[in-house]
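K.L.:
In the working numbering, the protein residues as written are 5 to 276.
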């Protein structure tokens, strides 16, 4: 009788430790959604993906003209030497413009040499570039080209990712799967159906929930990530027994403890 109960408990423990394949497979046709067939065209959601510059962003502002000496006074001293001297690595979570760019203050202004403070917060990169262009045109009769940009797409991963921390994708547009790939993918203990996307908006923040298992994600307004997004993956309850890397060890330890207890119980029962 004891052996039967022990075997039953063992089976429950082993199967309870397993994770269903449906919980870890990306882009499934989930029940309740209209099926999306292979090779079917999936239009993007109609969302404005233009990033709006936020306070504390760092931007790069560069000037170009036929006579470089004319714009030297408008360039931060030492910035070009840093760029040419190998300080633009940008690996991992580093921002390639941290040492050479210009920070936007809490009121949305950026201060440039000679030009002073210019309001760029709450604008797109193109709108901010036009603002700087108007300011520089007051100094020169000939045309001066202005380039203004952010250092790619900067985002942060927390929770059950292969690698957590701040990452940078050096592109103007990136999907949620680009972010996952850059972060070392998710581990088996992550709730892939419950990814929280924390996104900054003008004047505040919103939390959105994403299901990575759902194929309908491809048409979601959150399929593309934006600058300063935070991605958080919740762990499953089994996470309390260990990480994905040491879960097998935890299961083996649990089985060892179980059979040791069973052996001790059998010895004690046999001596009575």
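Glycine residues also receive a C-beta, built at the ideal position from the N, C-alpha and C atoms.
Using the DSSP secondary-structure output, state which residues sit across from residue 66 in a beta bridge.
P.N.:
Translated into the one-based positions of the chain shown, residue 66 becomes position 62. Note: residue 66 sits in a beta bridge opposite 151.
K.L.:
Using DSSP's beta-bridge definition, name the partner residues of residue 158.
P.N.:
Translated into positions along the chain shown, residue 158 becomes position 154. Bridge partners of residue 158: 172.
K.L.:
Taking the beta strand (DSSP E) that residue 113 belongs to, which residues open and close that run?
P.N.:
Taking the first residue of the chain shown as 1, we reach residue 113 at position 109. That run of the beta strand (DSSP E) goes 113–116.
K.L.:
Look up residue 126 in the DSSP assignment and say whether it is helix, strand or coil.
P.N.:
Numbered from 1 along the chain shown, position 122 holds the residue referred to as residue 126. Coil.
K.L.:
Can you check which of these residues, 198, 150, 229, is closest to residue 205 by C-alpha distance?
P.N.:
Numbered from its first residue, the chain shown carries residue 205 at position 201. With distances taken between Cα atoms, residue 205 lies closest to 229.
K.L.:
Just checking my contact of residue 163 with residue 236 at CB under 8 Å: how many whole Å lie between their CB atoms?
P.N.:
Position 159 of the chain shown, counted from the first residue, corresponds to residue 163. Position 232 of the chain shown, counted from the first residue, corresponds to residue 236. The Cβ separation is near 5 Å, so the contact holds.
K.L.:
Counting C-beta neighbours from all protein chains within 10 Å, is the total for residue 3 16 or more, i.e. buried, or is it exposed?
P.N.:
No answer is possible for residue 3: it lies beyond the span of the chain, which begins at 5 and ends at 276.
K.L.:
Just reading off the alpha helix (DSSP H) that residue 182 is part of, what are its end residues?
P.N.:
By 1-based counting over the chain shown, the position of residue 182 is 178. Residues 180–186.
K.L.:
Considering only C-alpha positions, which residue in the set 78, 268, 126 is nearest to residue 115?
P.N.:
For this step, residue 115 is matched to residue 111 along the chain shown. Answer by Cα proximity: 78.
K.L.:
Specify the secondary structure class of residue 203 as computed by DSSP and reduced to three states.
P.N.:
On the chain shown, position 199 is the one that residue 203 refers to. Residue state, collapsed to three classes: strand.
K.L.:
Is the stretch 142–157 touching the stretch 195–210, taking contact as three or more C-beta pairs under 8 Å?
P.N.:
no
K.L.:
Is the separation between the beta-carbon of residue 58 and that of residue 219 shorter than 9 Å?
P.N.:
Counting from 1 along the chain shown, the entry for residue 58 is found at position 54. Counting from 1 along the chain shown, the entry for residue 219 is found at position 215. Going by C-beta atoms, residue 58 is not nearer than 9 Å to residue 219.
K.L.:
Would you list the one or two residues that DSSP bridges to residue 210?
P.N.:
Translated into the one-based positions of the chain shown, residue 210 becomes position 206. Answer is 203, bridged to residue 210.
K.L.:
Can the beta-carbon of residue 233 be found closer than 9 Å to that of residue 201?
P.N.:
Translated into the one-based positions of the chain shown, residue 233 becomes position 229. Translated into the one-based positions of the chain shown, residue 201 becomes position 197. Yes, these two residues count as a Cβ contact at 9 Å.
K.L.:
Which same chain residues, not among the five before or five after residue 110, have their C-beta less than 8 Å away from its C-beta?
P.N.:
Stepping through the chain shown from its first residue, residue 110 is reached at position 106. Same-chain partners within the cutoff: 59, 60.
K.L.:
Would you grab the beta carbon distance between residue 51 and residue 128 for me? Rounded to a whole angstrom, and I think it's under 8 Å.
P.N.:
Mapped onto the chain shown, residue 51 falls at position 47. Mapped onto the chain shown, residue 128 falls at position 124. Actually they are not in contact, since the Cβ atoms of residue 51 and residue 128 sit about 14 Å apart, beyond 8 Å.
K.L.:
For the alpha helix (DSSP H) containing residue 74, name the first residue and the last one.
P.N.:
Position 70 of the chain shown, counting from 1, holds the residue named residue 74. Here the alpha helix (DSSP H) through residue 74 covers 72–75.
K.L.:
With DSSP collapsed to three states, give me the class of residue 190.
P.N.:
For the purposes of this step, residue 190 is identified with residue 186 of the chain shown, where counting begins at 1. Note: residue 190 maps to strand in three-state DSSP.
K.L.:
Can you name, in chain order, every residue of its own chain whose Cβ lies under 6 Å from the Cβ of residue 90, other than the five neighbours on each side?
P.N.:
Start at 1 with the first residue of the chain shown, and residue 90 comes out as number 86. Summary for residue 90: the model assigns pLDDT 46, below 50, so the residue's position carries little reliability; its value from the coordinates is reported in the next sentence. Answer for residue 90: no residue qualifies.
K.L.:
So, for residue 161: in the same chain, excluding its five sequence neighbours on each side, which residues have a beta-carbon less than 6 Å away from its beta-carbon?
P.N.:
For the purposes of this step, residue 161 is taken as residue 157 along the chain shown, with counting starting at 1. Correct list, in chain order: 168, 187, 235.
K.L.:
Whose C-alpha, out of 140, 126, 154, is nearest the C-alpha of residue 120?
P.N.:
Here residue 120 refers to the residue found at position 116 when the chain shown is read from its first residue. Distance from the Cα of residue 120 is smallest, within the candidate group 140, 126, 154, for 140.
K.L.:
Counting only the same chain and skipping the five closest in sequence on each side, list residues whose C-beta sits under 7 Å from that of residue 225.
P.N.:
Here residue 225 refers to the residue found at position 221 of the chain shown. Counting only Cβ-Cβ distances below 7 Å, and skipping sequence neighbours, we find 49, 51.
K.L.:
Would you call residue 207 buried or exposed, if buried means 16 or more other Cβ atoms sit within 10 Å of its Cβ?
P.N.:
Position 203 of the chain shown holds residue 207. When all chains shown are included, residue 207 counts as exposed.
K.L.:
Can you tell me which of 154, 222, 118 puts its alpha carbon nearest to the alpha carbon of residue 132?
P.N.:
Taking the chain shown and counting its residues from 1, one reaches residue 132 at position 128. When each option's Cα is compared against that of residue 132, the closest is 154.
K.L.:
Could you check what DSSP says for residue 165 in three-state terms: helix, strand or coil?
P.N.:
Against the chain shown, residue 165 aligns to sequence position 161. Strand.
K.L.:
Which one or two residues does DSSP pair with residue 236 in a beta bridge?
P.N.:
Within the chain shown, the letter at position 232 stands for residue 236. In DSSP, residue 236 forms a bridge with 162, 200.
K.L.:
Look at the alpha carbon of residue 35 and the alpha carbon of residue 261, and state the distance between them as a whole number of angstroms.
P.N.:
Looking up residue 35 in the chain shown gives position 31. Looking up residue 261 in the chain shown gives position 257. Their Cα atoms are separated by approximately 40 Å.
K.L.:
Throw me the rounded Cβ distance for the residue 223 and residue 149 pair, which I believe falls under 8 Å.
P.N.:
By one-based count along the chain shown, residue 223 stands at place 219. By one-based count along the chain shown, residue 149 stands at place 145. Actually they are not in contact, since the Cβ atoms of residue 223 and residue 149 sit about 38 Å apart, beyond 8 Å.
K.L.:
I'd like to confirm the pairing. Which residues does DSSP put opposite residue 61 in its beta bridges?
P.N.:
Counting from 1 along the chain shown, the entry for residue 61 is found at position 57. BP columns for residue 61 are empty, so no partner.
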